[in-house]
Structure formats: C-alpha cells, structure tokens
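Beneath this line is the structure, given in structure tokens, with notes to follow.
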Amino acid sequence: MRKVILYIATSLDGFIAGPQRQLDWLFNDQDYGYTEFYKGIDTILMGRITYEDILGFGDWPFDGVQTLVFSHTFHGGGNGVRFTREPPASVVQRLKSQPGKHIWLGGGGKLVADFHKADLIDEMVISIHPIVLGEGIPLFPPTGIRRDFKLLGVEGFDSGLVQMRYGRG
Numbered sequence: 013m014r015k016v017i018l019y020i021a022t023s024l025d026g027f028i029a030g031p032q033r034q035l036d037w038l039f040n041d042q043d044y045g046y047t048e049f050y051k052g053i054d055t056i057l058m059g060r061i062t063y064e065d066i067l068g069f070g071d072w073p074f075d076g077v078q079t080l081v082f083s084h085t086f087h088g089g090g091n092g093v094r095f096t097r098e099p100p101a102s103v104v105q106r107l108k109s110q111p112g113k114h115i116w117l118g119g120g121g122k123l124v125a126d127f128h129k130a131d132l133i134d135e136m137v138i139s140i141h142p143i144v145l146g147e148g149i150p151l152f153p154p155t156g157i158r159r160d161f162k163l164l165g166v167e168g169f170d171s172g173l174v175q176m177r178y179g180r181g
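Quick note, our numbering runs 12 ahead of the 1-based positions in the sequence shown.
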C-alpha cells in the first residue's frame, strides 16, 4: 500500500528553512540516502512557496515524477507538475486508491501542518543537521494536535547529520 512519507531536513532547533527561506545551511556533501528514497516514490506533494523556491535553483529536478502543488493562487504546470486547490485529504485518498509507489510530502511548513492536522502522514524521514538557526520556518507549526509515531530507524553520519525514520504507532 502506498504511504505518504514526509522526507525533510531540519536544524537542531526544528527549522526547515531560515527566516527568509534560506537553505544554505543544508549539507550536500553526500547523498544521505536520498537516491534510495527517491527510487521508492512516484509522486511529490508540495506547497506553492516550496515549488517557487525549487524553480529558483534552476532546472526542474523531478522530471518523470508526478508533482502536485497545493495552491489557491497558481495555475498551470508542465514537466509533470499539476496545481491543485483540493483539500489534502481528497488528494491523498485518490492517490492511495491508485497503484504506484510511495508519495513524498516535500513541504513546506504550512502544507506539513495541514497534513498533520488531517492525519495524513504515514512515515517521516527527518534529517537533523547539526546547526542551530535561531529562527526560521518551523518543521511543525503549532496545530494543537498530538500524533504518536514510533521510531523505525536511526542513522548517523560523519558530518554530524542524524537521519531518523518514524512510522505511525
């Protein structure tokens, strides 16, 4: 069965980006399991701001993978990208009813909060970078909702990055 997997990086103090959406603190010195994870997905879900940030890096890096961008303002697409105004629960229900690989919840913070509120996250792979940003965009903005997860695995790297995998308890 397909799973929605939040695969994301965070600072020690729980931020996924700096206050101006800076990502210059993310390690890119090695793969950190990304290639293997990417082989197991065929759909990416992201918010509009995350989509715009990725476009700012240059060429679209997710050719051949269906990408759904949640947005109330953008339309269009291309390169396998579709925009949707549907509620996350409707999108996930439809995707899970179709055959395929797992579904990557790529962010950003608001979309992660929406998925958390709707109880749509099946697994999380969180890569914690050994840096304190002091401020920024939180991984989990306050929702007032508790969800329990169980630890499925931990991997440490020489760089100091720790990758933790959690599943629903």
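Glycine residues also receive a C-beta, built at the ideal position from the N, C-alpha and C atoms. Model, not experiment: these values are computed from the prediction.
- Item | Option in His128, Ile115 and Asp43 with minimal Cα separation from Thr155 | His128
- CB contact flag (Lys113, Gly52, <8 Å): yes
- Task: Only counting runs of 3 or more residues, tell me where the beta strand (DSSP E) segments fall wholly within the region 30-55, in order along the chain.
- Result: none
- Just mark His84 as buried or exposed, buried being the case when its beta carbon has 16 or more other beta carbons within 10 Å. exposed
- Message: For His87, count the other beta carbons within 10 Å of its own beta carbon; 16 or more makes it buried, fewer makes it exposed. Which is it?
- Response: exposed
- Roughly how many whole angstroms lie between the Cα atoms of Val16 and Glu147? 28 Å
- Message: Going by the DSSP bridge assignment, what does Pro150 pair with across the sheet?
- Response: Phe27
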